[in-house]
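So the structure is just underneath, and the comments pick up after that.
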Amino acid sequence: MITALVVLTVLIAFLAFLEINLRRRREALVELTGMYVKGGELVLLPFPKLEGEVSVEEAIASRRSIRSYQDQPLSLEQLSQLLWAAQGITYPRRGFRAAPSAGALYPLEVYVVVGHRGVQGLEAGVYHYIPQAHALELIKKGDFRKDLCRACLGQPWVENAPISIVIVAIYERTTSVYGERGIRYIHIEVGHVGQNIYLQAVSLGLGTVAVGAFHDEEVMKVIGCSEVEKPLYVMPVGWPKVTYKPTLEELVE
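For the sequence shown, the positions run 42 to 294 when the working numbering is used.
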């Protein structure tokens with residue numbers, strides 16, 4: 042029996058193949074599936090911005106691993122920007138994304154665990170990011186931050202952050218082309234994505250930390266992914282209690 046998820050996946054791939062722009066692709070996706078933002082399975086994210094108030098140099102200098110967060114939600118625009126920086130489409134005609142990938146095979150998938158009042162206007166739950174439509178697919182409803190925290194060996198920042206971005210890999214996408222060396226390429230790629238999230242978070246006034254200590258099977262259970270999707274990073278994101286912005290004098294002293 043063909044599941045709705047399989048149909049959706051095939052449809053997204055077909056729309057990407059047509060080389061239509063993001064706006065038309067989203068319209069077609071909604072039109073053909075009947076899914077929409079409110080009360081449906083698909084959340085269309087605000088379009089990403091290509092200009093910000095923080096330079097690349099400032100973001101690099103201010104980047105820190107942040108583990109203490111304010112009790113304050115993210116906006117949907119901020120979540121949109123973070124996901125675009127992670128795996129968003131930057132060249133629609135070729136399907137190229139924000140982070141480089143060996144052979145443009147893109148083995149990584151991105152999930153978001155959203156807590157209660159974690160994102161303004163977005164219901165608590167687990168979501169799967171669809172780069173081709175810059176949209177979120179609702180996997181399951183509810184606040185699963187405590188479960189994710191337990192899966193991450195009880196690291197409290199995972200529970201305290203309003204959201205956590207979970208990056209998983211489908212290894213066969215790359216190893217089917219590059220063999221065993223493809224494993225190395227995937228691990229390099231997730232580093233690219235993680236740094237993109239770090240720098241985008243800084244530019245939005247947010248903070249994050251890359252978490253690599255967790256029980257794979259428990260994380261997979263929390264996000265509801267398939268057996269072929271292996272978690273590599275859990276990245277809680279929130280408003281930092283303390284920010285850091287070095288001056289040039291501090292750097293050269």
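From the three backbone atoms N, C-alpha and C, an ideal C-beta is built for every residue, glycine too.
Practice prompt. Keeping to the same chain, check which residues put their C-beta closer than 7 Å to that of V95; ignore five residues upstream and five downstream.
Written response: Residue 95 sits at position 54 when you count from the first residue of the sequence shown. Only V243 and S244 meet the Cβ criterion.
Worksheet entry | Cα-Cα separation, Y226 to V293 | Taking the sequence shown and counting its residues from 1, the one referred to as residue 226 is at position 185. Taking the sequence shown and counting its residues from 1, the one referred to as residue 293 is at position 252. Going from the Cα of Y226 to the Cα of V293 covers about 35 Å.
Worksheet item: DSSP state of E178, grouped into three classes?
Response: Position 137 of the sequence shown, counting from 1, holds the residue named residue 178. Strand at E178.
Discussion item. Here's the rule: buried if 16 or more other CB atoms are within 10 angstroms of the residue's CB, otherwise exposed. What is H157?
Written reply: In the sequence shown, residue 157 corresponds to position 116, counting from 1. Exposed is the call here.
Worksheet entry | Same chain, Cβ closer than 7 Å to V155, neighbours up to 5 away in sequence not counted | Numbered from its first residue, the sequence shown carries residue 155 at position 114. Excluding positions up to five away in sequence, the list reads L163, A165, G166, Y168 and I204.
Worksheet item: What residues match up with M276 in a beta bridge as DSSP calls it?
Response: By 1-based counting over the sequence shown, the position of residue 276 is 235. Beta-bridge annotation (DSSP): M276 is paired with I206.
Worksheet item: On the premise that L85 lies in contact with A176, defined as a C-beta separation below 8 Å, what is that separation, rounded to the nearest angstrom?
Response: As a first step, residue 176 must be located in the sequence shown, where it is residue number 135. As a first step, residue 85 must be located in the sequence shown, where it is residue number 44. The pair is a contact, with the Cβ atoms about 5 Å apart (cut-off 8 Å).
Discussion item. Please list the terminal residues of the continuous beta strand (DSSP E) segment that includes G232.
Written reply: Along the sequence shown, read from residue 1 onward, the residue named residue 232 stands at position 191. Taken as a continuous stretch (DSSP letters only), G232 belongs to no beta strand (DSSP E), being part of the alpha helix (DSSP H) at R222 to S244.
Worksheet entry | Closest by C-alpha distance to P1, when choosing among L123, R105 and F185 | Summary: the structure shown does not reach residue 1, with the chain confined to residues 42 through 294, and so no result is reported for it.
Discussion item. One question on the structure: do V252 and C193 come within less than 8 Å of each other, judged by their Cβ atoms?
Written reply: Within the sequence shown, numbered from 1, the residue matching residue 252 stands at position 211. Within the sequence shown, numbered from 1, the residue matching residue 193 stands at position 152. In contact: V252 and C193 (Cβ atoms closer than 8 Å).
Worksheet item: What are the residues that DSSP puts in a beta bridge with G166?
Response: Your numbering for residue 166 matches position 125 in the sequence shown. Answer is V155 and K182.
Discussion item. Shorter than 7 Å, the distance from the beta carbon of E164 to the closest heavy atom of the ligand SAM, or not?
Written reply: In the structure shown, the ligand SAM is absent, as is every other ligand, since no ligand is present at all.
Fill in: DSSP state of T216 mapped onto helix, strand, coil
The sequence position of residue 216 within the sequence shown is 175, counting from 1. Three-state result, T216: helix.
Worksheet item: Which word fits A174, buried or exposed, when buried means at least 16 other C-beta atoms lie within 10 angstroms of its C-beta?
Response: Sequence index remark: in the sequence shown, residue 174 carries index 133 (1-based). So A174 ends up on the buried side.
Practice prompt. Please report how far the alpha carbon of V278 lies from the alpha carbon of T216, in whole angstroms.
Written response: Sequence index remark: in the sequence shown, residue 278 carries index 237 (1-based). Sequence index remark: in the sequence shown, residue 216 carries index 175 (1-based). Straight-line measurement puts the Cα of T216 at about 31 Å from the Cα of V278.
Practice prompt. Could you please give me the residues that DSSP links to P281 through a beta bridge?
Written response: Residue mapping note: residue 281 aligns to position 240 of the sequence shown, counting from 1. Paired residues: Y110.
Fill in: Local conformation of V199 per DSSP, three classes
Counting from 1 along the sequence shown, the entry for residue 199 is found at position 158. Looking at V199 - three-state DSSP - the assignment turns out to be helix.
Worksheet item: From T74 to E82, what does the alpha carbon distance come to, in whole angstroms?
Response: Locating residue 74 in the sequence shown gives position 33, where the first residue counts as 1. Locating residue 82 in the sequence shown gives position 41, where the first residue counts as 1. Unreliable placement is indicated for T74, whose pLDDT of 49 sits below 50; the coordinate value is still reported in the next sentence. About 10 Å.
Item to complete: Would you mind sorting T284 into buried or exposed? The rule is 16 or more other CB atoms within 10 Å of its CB.
Response: Working through the sequence shown from its first residue, we reach residue 284 at position 243. It counts as exposed.
Fill in: Extent of the continuous alpha helix (DSSP H) run through L41
Here the chain comprises residues numbered 42 to 294, so residue 41 is not present and cannot be evaluated.
Worksheet item: Between the beta-carbon of P148 and the beta-carbon of I211, is there less than 8 Å?
Response: Counting from 1 along the sequence shown, the entry for residue 148 is found at position 107. Counting from 1 along the sequence shown, the entry for residue 211 is found at position 170. Yes, they are a contact pair.
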